[in-house]
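Inspection log for the structure reproduced underneath, given as structure tokens.
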Amino acid sequence: MNPAEWRPILSTLFLPPAGPLLLIAFGWLLARRRRAAGRALGLAGLVLLWLLCSNAVAVRLSDLLLPPVAALPPTEAVARLQARQVQAVIALGGGLYPRVPELEGPQPSSQTGTRALYGAWLARESGLPLGFAGGIGWANAGEAEHPDEADAVARLLARTGLAPLRWADSQSRDTIENAQNMAALLRRDGIERIALVTSAWHMPRAVRAFEATGLTVLPAPMGFAVPLQRPVLEWLPSTHGLANTSAVVREWLALRLGR
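First residue of the sequence shown: 0, per numbering that gives the first Met the number 0; consecutive thereafter.
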């Protein structure tokens with residue numbers, strides 16, 4: 000196994016909910032010999048799990064840990080692309096549902112789908128060609144039969160009729176490979192300036208990776224971590240809160256590890 004293939008396993012064990020759960024389990028084991036210390040550790044794990052499952056904490060962590068990014072105002076998006084002489088819109092993948100029986104085959108995850116649809120909207124409104132970078136990821140690397148995101152996105156866009164894909168990267172396993180593979184495709188057509196579409200929390204790392212290939216990047220972020228409910232509900236554990244905190248902490252670590 001490629002050492003990088005351990006990355007999804009290690010990150011899953013560190014990030015919520017597994018990280019706090021392991022802390023609770025360690026506290027329970029420690030309590031057999033040192034009751035007070037074990038109980039304190041277990042309680043700390045419970046409090047940490049609660050906080051990291053709340054969307055209020057996710058929003059705050061996004062503001063504190065990640066570089067700020069600003070959305071393109073819908074009424075100004077095309078003008079900004081033109082002002083920066085953008086030549087193409089590139090959307091990044093964010094996961095895949097391998098089997099969706101009601102649609103007969105693999106489909107983009109909700110995250111991938113919304114990125115692709117926003118990128119297709121920008122491409123249609125601006126008249127620019129559209130590319131998508133998203134292969135199989137390290138979590139599925141080595142699985143010969145696993146479908147790729149690019150193929151699923153191409154089918155999604157064909158159904159919607161928003162914009163066709165001109166370039167598709169179906170081999171990448173992470174953001175750095177997204178950038179390297181897509182840059183190679185774009186340079187064949189003389190593309191040097193792009194609008195990059197991905198989730199707001201992922202944008203700083205994505206911009207860094209694409210600019211490292213020599214491309215000029217205009218960020219077009221979407222999927223911001225924002226309050227979704229009444230304030231009291233924002234502090235209660237929720238699936239979207241857990242997803243947001245996991246994404247923010249993962250990106251913070253990746254930025255510091257250079258991945």
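The beta-carbon is built from N, C-alpha and C at its ideal position, and this holds for glycine as well.
All values derive from a computational prediction rather than experimental measurement.
Going by the CB atoms, is the gap between residue j and residue i shorter than 8 Å?
{"i": "residue 125", "j": "residue 196", "result": "no"}
{"i": "residue 112", "j": "residue 90", "result": "no"}
{"i": "residue 177", "j": "residue 153", "result": "no"}
{"i": "residue 237", "j": "residue 221", "result": "no"}
{"i": "residue 224", "j": "residue 61", "result": "yes"}
{"i": "residue 64", "j": "residue 120", "result": "no"}
{"i": "residue 149", "j": "residue 133", "result": "yes"}
{"i": "residue 56", "j": "residue 202", "result": "no"}
Under DSSP, the beta strand (DSSP E) around residue i begins and ends at which residues?
{"i": "residue 81", "result": "It is not in any beta strand (DSSP E) - residue 81 instead sits in the alpha helix (DSSP H) that spans 76-82."}
{"i": "residue 25", "result": "Premise fails: residue 25 lies in the alpha helix (DSSP H), 17-29, not in any beta strand (DSSP E)."}
{"i": "residue 217", "result": "215-221"}
Who are the near neighbours of residue i in its chain, counting only those whose CB is closer than 7 Å to its CB and skipping five residues on each side?
{"i": "residue 19", "result": "44, 47, 48, 51"}
{"i": "residue 205", "result": "91, 174, 195, 197"}
{"i": "residue 84", "result": "192"}
Go ahead and label residue i buried or exposed: buried means 16 or more other beta carbons lie within 10 angstroms of its beta carbon, across all protein chains shown.
{"i": "residue 33", "result": "exposed"}
{"i": "residue 244", "result": "buried"}
{"i": "residue 109", "result": "exposed"}
{"i": "residue 250", "result": "buried"}
{"i": "residue 229", "result": "exposed"}
{"i": "residue 185", "result": "buried"}
{"i": "residue 130", "result": "buried"}
How big is the Cα-Cα spacing for residue i and residue j?
{"i": "residue 14", "j": "residue 241", "result": "10 Å"}
{"i": "residue 36", "j": "residue 17", "result": "21 Å"}
{"i": "residue 189", "j": "residue 253", "result": "30 Å"}
{"i": "residue 96", "j": "residue 29", "result": "39 Å"}
Below 8 Å CB to CB, which residues in the same chain sit around residue i once its five sequence neighbours on both sides are set aside?
{"i": "residue 99", "result": "105, 106"}
{"i": "residue 235", "result": "53"}
For the alpha helix (DSSP H) containing residue i, list its first residue and its last residue.
{"i": "residue 175", "result": "174-187"}
Report all residues from its chain with a CB closer than 6 Å to the CB of residue i; omit the five preceding and five following residues, and keep chain order.
{"i": "residue 210", "result": "216"}
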